[in-house]
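So the sequences go chain by chain: D and L.
So for the first sequence, the working numbering puts the first residue at 513; every next one is plus one.
So for the second sequence, the working numbering puts the first residue at 89; every next one is plus one.
Beta carbons are placed, not taken as given, at the ideal position from N, Cα and C, and that holds for glycine.
This report refers to the structure that appears directly beneath it.
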Amino acid sequence: MTDTMIELEKLTKRYPGTEIPAVEDLTMGIPRGEIVVFVGPSGCGKTTSLKMINRIIEPTSGHIILDGEDVTKSDPDKLRRRIGYVIQQIGLFPHRRIGDNVATVPNLLGWDRDRTNERVNELLEIVGLDPEMYRDRYPKELSGGQRQRVGVARALAADPPVLLMDEPFGAIDPITRTRLQNEFLRLQQELQKTIVFVTHDIDEAIKMGDRIAILQERSIPAQFATPEEILTQPANQFVEDFVGSGATLKRLKLTRIRDIEIITDCLTGSVDEDARTLRDRLAASEWTGMLLLDEQKRPLRWLRAPDLDQGRSLREAGLPAKAFVEPHATLSDALEEMLLGSAGVSIVVDKHGVYQGIVDVDTIIITIQEMRDASAEFYRTAKLVDPAEVAG
Amino acid sequence: MEIASFLEFLQSDATQRTLLAETREHLIMIALPILGALVVGIALGIAAHRFRFLRGSILNMVSWFLTIPSLAFFALLIPIVGIGNTAPMTALFFYALLPIVRNTVAGLTSVDQAVVESAKGMGMGRVKRLLQIELPNAWPVILAGARVATLLLIGIAAIAAVVGGDGLGQSIYRGINRIPAGGSLEAILSGTLMIVVLAVLIDLIYLGIGRLTIPRGLRD
Ligand SMILES: Nc1ncnc2c1ncn2[C@@H]1O[C@H](COP(=O)(O)OP(=O)(O)OP(=O)(O)O)[C@@H](O)[C@H]1O
Ligand SMILES: [Mg+2]
C-alpha cells in the first residue's frame, strides 16, 4: 500500500488531426482516500485528463499507475469495473429499472442474485432513496436530483476504491446541488474513496476538494495544493485570476466553528432566577447585555439592563435570541446569521439547541488573521524543504 | 357497379372462401421476406452504424433495390429461381431491407451518447454494450422500420399474381383480365379491400408487439 492511489506519469493526449495536444505531460499523484478536484477554464482538458484515467480516452503517451500497478495497457473493461464513473449527463440506462441500473457492475462481475439485491437496497438507502419506492421505477420517472443520486449509487455498486466524477452536480439547480454536495461529503467521510472530481466552478472545487489542481490549457497544473493554500498563497497570476476576488470570503466557507475559539464567557442568566439577581449580575459585569437560557439551557432572549426593570415576565423581556449556528457550520454561515440576527452575534448551540457560546465579528476577523499568518509561515518553511521530500 | 351488388358479391360463400385463402397466402408470402429482412437488415444496420466507411455504400445499395420496378424485379428473378412464389418473395426481401436498415442506423445513432459512455465506463464490453444497451434503446425505432417495411410489402406483394404468385393479387389480376365483363370490378375491389384490412390488422399487430417488447422506460 502506497499513499498514492493513482499516479499519472507524463500523460499526453493528442486528438487525431489536431496540432496542439489537449493534455500535455500531465504528471500528478492522487493520494489515497482524498478528493482531488480538477478545476480550470472551459476547454483546458479536464475531461480529457479524467477520461484517460479509466481509458475512455486512450492516452497518446504516458502511464497510469493504479495502486502500484501499471494499467496503461491492461484490459480496459476489467480496469473500469474497479473504477466508479459518474458523468454530468448521468447516463442511466433508460430501458432498465433503477434497481437494475445500480446492479450493472455487480452483474458484470457475476455476483449472485441475493448479494446483488442486498447491495442495491443498501446503496439506494445510502444515497437517500427508499428502495421500496424507487427500485422498480424507470429513470424517466425520477427527478434530476434523484437520477444523479442513482448515478452515484451505480458507480459505488461494486465498492470500487476509485471514483471518477465529471461535473457530477453540474446540471442541477443550485439548492439541490448544495444538498447533493453536502450529502456526498458526508458519504465520503465514511467511504474514504479516492476521488477525482472535475468542475469548472472554483467554489465547488474549494468546497469538495481535499486538494485542488488548477489547470491551465493543455491541462498544465498552475497549482496543485489544498484549498487553504490556494486561497492564501496562490502560486501565480493565473491562479489568482481564476480564484478571483473574494478569496478571503471563500476561506470563511472552509473553516468550521468547531475549529475556532468561540466566546464562552458571555454573561448568561436562567429563567429560574429573578429579574433582580440578573440585573445585579449584569451591573457588576462589563457586559451591556446578557443571554437568557431556559431550563434546558437553550437560548431564549437577549436582555439589557432596562429590560430587567420593567417587571415583565423574563420570557417576554428584551429581544428574542436568534442567529443560531451549530459547531459544524462554517464561519461564512455564522457571519450570515450574524448580519441577520438582532444582537450582532451568532449563538452557537449543539444539535439539541443547548447553548455553547457565541461568535462575533471580532472572532471572525481574528481567525482570518491567524489563518493568514499560519499559512504564510507554512509556505515559508515548505520552500526551504526539498520539493521531492514534500511530494513523497 | 352498385354498392348493393358489391355487398352481395362479398357475402357469397365462394368469394369469402377465395378471399380468405388468398389472404392467408398473402400473409405467408410476406412473412418470410420480412423475417429474413429483419435479421439481415439489422445486421447491415449495425455494420453501417459501426463502420462509418461502410455506411454510405450500405444505405445506397438498399435504396437501389427499392427503385427497381416490382414487376421487372419479379420477372428478372424468374430465370434464377423459377416461376411461382419464390421470385416475388426474394424480391420482397430486398424491398424490405431499406426501411429496416435505415431505421436500425437511425435508432442506434439516436441512443444517448452518455448512456453508451456510462456503459463503457462501467466495464461493459463491446458486444454486451450492443446487445444490452444500444439495441434495446434503438428497438422502438427499428420496430417502426419493420412496420413500414411490412406495410410496403403488403402492397407490392399484390403484383406477384402477375408472375404466377399467390395472394390477394390474384383477385385483382383476375378482375383486370375480365374487364369489362360483369363482376370484374367486384373482384378488383374485394382484393383491394382485403389488402387494406390486412394493413390495418398488421398495424394492430405491431402495436401489440410494441407493447410487449418496448420496456416501459422507453415508452412515452
Ligand atoms: N474528440 C475530440 N477531438 C478533438 N478535439 C477534442 C476532442 N475532445 C476534446 N477536444 C479538445 O480538447 C480540448 C480539451 O477538451 P476537454 O473536453 O478535455 O476540456 P474540458 O476542460 O473538460 O472543458 P469543459 O469545461 O468545457 O468541459 C478542447 O480544446 C477540445 O476542443
Ligand atoms: Mg469537460
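Worksheet item: For residue 130 of chain L versus residue 221 of chain L, is the C-beta distance shorter than 9 Å?
Response: Contact: no.
Fill in: 9 Å Cβ cutoff met for residue 839 of chain D and residue 775 of chain D
Result no, Cβ atoms of residue 839 of chain D and residue 775 of chain D do not sit closer than 9 Å.
Worksheet item: If you check the beta carbons only, do residue 515 of chain D and residue 544 of chain D fall under 9 Å apart?
Response: In this structure, residue 544 of chain D lies closer than 9 Å to residue 515 of chain D by Cβ.
Worksheet item: Who pairs with residue 768 of chain D in a beta bridge, going by DSSP?
Response: According to the DSSP secondary-structure assignment, residue 768 of chain D is paired through a beta bridge with D:842.
Worksheet item: Going by other Cβ atoms of all chains shown within 10 Å of its Cβ, with 16 needed for buried, is residue 559 of chain D buried or exposed?
Response: So residue 559 of chain D ends up on the buried side.
Discussion item. Which of the three DSSP states is assigned to residue 272 of chain L in this structure?
Written reply: In the structure shown, residue 272 of chain L sits in a helix (DSSP, three-state: H, G or I).
Worksheet entry | Contact set between the region 218–230 of chain L and chain D, restricted to residues whose Cβ is under 9 Å from the partner | So the close ones are 220, 221, 224, 225 and 227.
Discussion item. I'd like to know if the region 218–234 of chain L and the region 170–181 of chain L are in contact, where contact means that at least 3 CB-CB pairs between them fall below 8 Å.
Written reply: Contact between the region 218–234 of chain L and the region 170–181 of chain L is absent, because fewer than three Cβ pairs lie under 8 Å.
Worksheet item: In chain order, what residues place their C-beta within less than 5 Å of a heavy atom belonging to ligand 1?
Response: Matched residues: D:527, D:534, D:554, D:555, D:556, D:557, D:558, D:559, D:560 and D:712.
Practice prompt. Report the rounded CA-to-CA distance for residue 286 of chain L versus residue 111 of chain L, giving the unit in angstroms.
Written response: Rounded to whole angstroms, residue 286 of chain L and residue 111 of chain L show a C-alpha spacing of 8 Å.
Discussion item. Less than 8 Å separating the Cβ of residue 199 of chain L from some heavy atom of ligand 3?
Written reply: Of the ligands one can find in the structure shown, namely ligand 1 and ligand 2, none is ligand 3.
Worksheet item: Can you tell me whether residue 900 of chain D is buried or exposed, with buried defined as 16 or more other CB within 10 angstroms of its CB?
Response: Its pLDDT being 47, under 50, residue 900 of chain D is placed unreliably in this model, and the value from its coordinates should be taken loosely. So residue 900 of chain D counts as exposed.
Worksheet item: Between the region 616–628 of chain D and chain L, which residues of the former have CB atoms less than 8 Å from a CB of the latter, in chain order?
Response: Within the region 616–628 of chain D, the residues whose Cβ lies closer than 8 Å to some Cβ of chain L are 616, 617 and 620, listed in chain order.
Worksheet item: Cβ of residue 523 of chain D less than 9 Å from any chain L Cβ?
Response: No, residue 523 of chain D does not count as interfacial toward chain L.
Discussion item. Which of the three DSSP states is assigned to residue 779 of chain D in this structure?
Written reply: Coil at residue 779 of chain D, not helix or strand.
Discussion item. Within 8 Å, do at least three Cβ pairs link the region 250–259 of chain L to the region 179–199 of chain L?
Written reply: With contact defined as three or more Cβ pairs closer than 8 Å, the region 179–199 of chain L and the region 250–259 of chain L are not in contact.
Discussion item. Let me confirm a value: residue 881 of chain D is counted as buried when at least 16 other C-beta atoms fall within 10 Å, else exposed. Which label applies?
Written reply: Of the residues assessed, residue 881 of chain D falls on the exposed side of the cut-off, its CB having fewer than 16 other CB atoms within 10 angstroms.
Fill in: Among D:581, D:803, D:694 and D:603, the one whose alpha carbon lies nearest that of residue 594 of chain D
Nearest option by C-alpha distance: D:581.
Worksheet entry | Contacting residues, own chain, Cβ-Cβ under 6 Å from residue 266 of chain L (five flanking each side not counted) | Annotation for residue 266 of chain L: 272 place their beta carbon closer than 6 Å to its own, counting only its chain and skipping 5 residues before and after.
Discussion item. Please report the straight-line C-alpha distance between residue 538 of chain D and residue 532 of chain D, rounded to a whole angstrom.
Written reply: Looking at the two C-alpha atoms, the distance is approximately 14 Å.
Worksheet item: Touch check for the region 631–642 of chain D and the region 521–530 of chain D: three-plus C-beta pairs under 8 Å?
Response: When Cβ pairs closer than 8 Å are counted between the two stretches, the region 631–642 of chain D is seen not to touch the region 521–530 of chain D, the count staying below three.
Worksheet item: When the distance is taken between beta carbons, is residue 601 of chain D closer than 9 Å to residue 202 of chain L?
Response: Yes, the pair counts as a contact, with Cβ atoms nearer than the cut-off.
Worksheet item: What span of residues does the alpha helix (DSSP H) with residue 735 of chain D cover, start to end?
Response: First-last for residue 735 of chain D: 732–737, but that is the beta strand (DSSP E), not the alpha helix (DSSP H).
Worksheet item: With a cut-off of 9 Å, does the C-beta of residue 646 of chain D fall near any C-beta of chain L?
Response: Taking Cβ atoms only, chain L never reaches closer than 9 Å to residue 646 of chain D, which makes this a no.
Discussion item. Just to confirm, is the Cβ distance from residue 710 of chain D to residue 605 of chain D under 9 Å?
Written reply: Against a cut-off of 9 Å, the Cβ pair of residue 605 of chain D and residue 710 of chain D comes out as no contact.
Discussion item. Measuring alpha carbon to alpha carbon, tell me which residue in D:740, D:567 and D:535 is nearest residue 722 of chain D.
Written reply: For residue 722 of chain D, the closest alpha carbon among the candidates D:740, D:567 and D:535 is that of D:740.
Worksheet item: Would you report the Cα separation of residue 270 of chain L and residue 262 of chain L, rounded to the nearest angstrom?
Response: For residue 270 of chain L and residue 262 of chain L, the distance between alpha carbons rounds to 12 Å.
Worksheet item: With distances taken between CB atoms, is the gap from residue 782 of chain D to residue 807 of chain D smaller than 9 Å?
Response: In terms of Cβ geometry, residue 782 of chain D and residue 807 of chain D form a close pair [threshold 9 Å].
Worksheet item: Is it right to say residue 359 of chain L is buried, meaning 16 or more other beta carbons lie within 10 angstroms of its own, or is it exposed?
Response: Outside the displayed span of chain L (89 to 308) sits residue 359 of chain L, for which this structure offers no information.
Discussion item. Let me check you understand the geometry: is the CB of residue 679 of chain D closer than 8 Å to at least one non-hydrogen atom of ligand 2?
Written reply: At least one heavy atom of ligand 2 is nearer than 8 Å to the Cβ of residue 679 of chain D, so yes.
Practice prompt. Enumerate in chain order the residues of its own chain whose CB-to-CB distance from residue 276 of chain L is below 8 Å, with the five nearest sequence positions on each side excluded.
Written response: Counting only Cβ-Cβ distances below 8 Å, and skipping sequence neighbours, we find 259, 260, 263 and 264.
Worksheet entry | Residues near residue 897 of chain D by beta carbon distance below 7 Å, same chain, minus five either side | Annotation note: pLDDT 48 at residue 897 of chain D (below 50); position unreliable, coordinate value reported separately. Here the set comprises nothing.
Worksheet item: How big is the Cα-Cα spacing for residue 210 of chain L and residue 587 of chain D?
Response: Taking C-alpha positions only, residue 210 of chain L is separated from residue 587 of chain D by approximately 13 Å.
Worksheet item: Nearest to residue 246 of chain L by CA position, among L:113, L:105 and L:92, is which residue?
Response: Out of L:113, L:105 and L:92, L:113 has the C-alpha closest to the C-alpha of residue 246 of chain L.
Practice prompt. Could you run through the region 232–261 of chain L and flag, in chain order, every residue whose CB is less than 7 Å away from some CB of chain D?
Written response: Residues: none.
Discussion item. Report the CB separation of residue 651 of chain D from residue 298 of chain L in whole angstroms; it is logged as a contact under 8 Å.
Written reply: Taking C-beta atoms under 8 Å as the contact rule, residue 651 of chain D and residue 298 of chain L fail to qualify, at a distance of about 20 Å.
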